[in-house]
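Let me begin by presenting the structure, written as structure tokens, before commenting on it.
Number of protein chains: 2
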Amino acid sequence: MAELHPACAPLAFLLGTWQGAGTGVYPTIEDFSYAEEVSFTHVGKPFVAYVQKTKDAGTGLPLHSEAGFLRPQPDGRVELVLAQPSGVAEVLEGTVEGRDIQLSSTAVLGTDSAKPVAATERRLWVDGEVLHSSVAMAAMGLEIQHHVVSEMYRLS
Amino acid sequence: MAELHPACAPLAFLLGTWQGAGTGVYPTIEDFSYAEEVSFTHVGKPFVAYVQKTKDAGTGLPLHSEAGFLRPQPDGRVELVLAQPSGVAEVLEGTVEGRDIQLSSTAVLGTDSAKPVAATERRLWVDGEVLHSSVAMAAMGLEIQHHVVSEMYRLS
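Residue numbers (the working numbering), protein chains in the order written: chain A, 876 to 1031; chain B, 876 to 1031.
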């Protein structure tokens, strides 16, 4: 196991695997509930790898997944690059304050066949033993608005 | 184990984990050699998840990694979205012909602190038992040119 890179110290509270459940809403789709697992890992370099998978709470079938990298920066800033199987790639910038990370997209890219996403805002925060994750999204031509929120507990 | 989505059939030759070695060159850096592991997995949906990690051939220390999703499209087309810990996100489009995937970036995004990458071309092809992977890159203000090439064998 590599030693944590000093730059990653502000993100150490995230490291490990977390499991829980969440709910999603958006004007263009039916409300949904999901089981979620996220993992944050490091290899001793100045970034934290992030992998997320969700399953339909009813059927257990896979829903969403995403993978990317958190890049801590000086002065409490943090960057996130993210790829999604929906054909969307995001670059986000924001801050980490204590155990609260807040990020806004600076650019969102999509493949030709991807549904249009214009912007996202993401928050990851730990309160007590609970990791909360929320995403707001401007997609399908709509203003940015709440999309998903979940609560997870540490598995390892 | 989910059944492979029919849309992924053209990518079935990639599924599994592959290990091998490669070499890298670029005018702005010293030549380097690396060990590489890639995995291609599916969950029954119309995409293939891709994870890659490399280590320095001499020291064994982690070098690069990337994660993303291949999205097969009709008519032998394929899309790739990719996130990298260097702070770069790529969207690529291309073709799959037999066991040969060729992709060119349609857009490359970087965080504020990322080194500038303007474009990439990627090829993944299987010849006999060998998976070849190559990347050409236009970065640091230079024209697109060969960057890395590797050969891997199936681990599972």
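We put the CB at the ideal spot given by N, CA and C, even for glycine.
Computed from a predicted structure; not experimentally measured.
- Here the stretch 992-1012 of chain B does not lie against the stretch 954-973 of chain A, with fewer than 3 beta-carbon pairs under 8 Å apart.
- The stretch 952-964 of chain B makes no contact with the stretch 896-913 of chain B; the number of CB pairs closer than 8 Å stays below 3.
- Taking all protein chains shown into account, A:Thr903 has fewer than 16 neighbouring C-beta atoms within 10 Å of its C-beta and is therefore exposed.
- Counting along the chain, A:Arg1029 sits inside the beta strand (DSSP E) bounded by residues 1020-1029.
- Under DSSP, A:Gln894 takes part in a beta bridge, and its partners are A:Glu912, A:Tyr1028.
- Within chain B, no residue has its beta carbon less than 7 Å from that of A:Asp931; the closest one is some 12 Å off.
- Counting the other CB atoms within 10 Å of its CB gives A:Thr934 a total below 16, which places it among the exposed residues.
- By the CB criterion at 7 Å, B:Leu945 and B:Leu955 fall inside the cutoff.
- Closest in C-alpha terms to B:Met1015, from the list B:Ala942, B:Leu938, B:Pro991, B:Glu941, comes B:Pro991.
- Proximity of A:Val966 to chain B, defined by a Cβ-Cβ separation below 7 Å, is satisfied.
- Annotated three-state conformation of A:Ala877 is coil, per DSSP.
- Distance from the CA atom of B:His939 to the CA atom of B:Lys930, rounded to whole angstroms, is 7 Å.
- Any Cβ of chain B closer than 7 Å to the Cβ of A:Phe922 would place that residue at the interface, and such an atom is present.
- The residues Phe915, in chain order, have a CB closer than 6 Å to that of A:Leu889 in the same chain once the five nearest residues on each side in sequence are set aside.
- Bounds of the beta strand (DSSP E) holding B:Arg997 are 992-1002.
- Within chain B, the residues Ala958, Gln959, Gly962, Val963, Ala964, Thr986 have their CB atoms less than 7 Å from the CB of A:Val956, given in chain order.
- Judged by DSSP in its simplified three-state form, A:Asp931 adopts strand.
- Nearest in C-alpha terms to B:Leu1030, of all of B:Thr892, B:Ala882, B:Leu886, B:Pro885, is B:Thr892.
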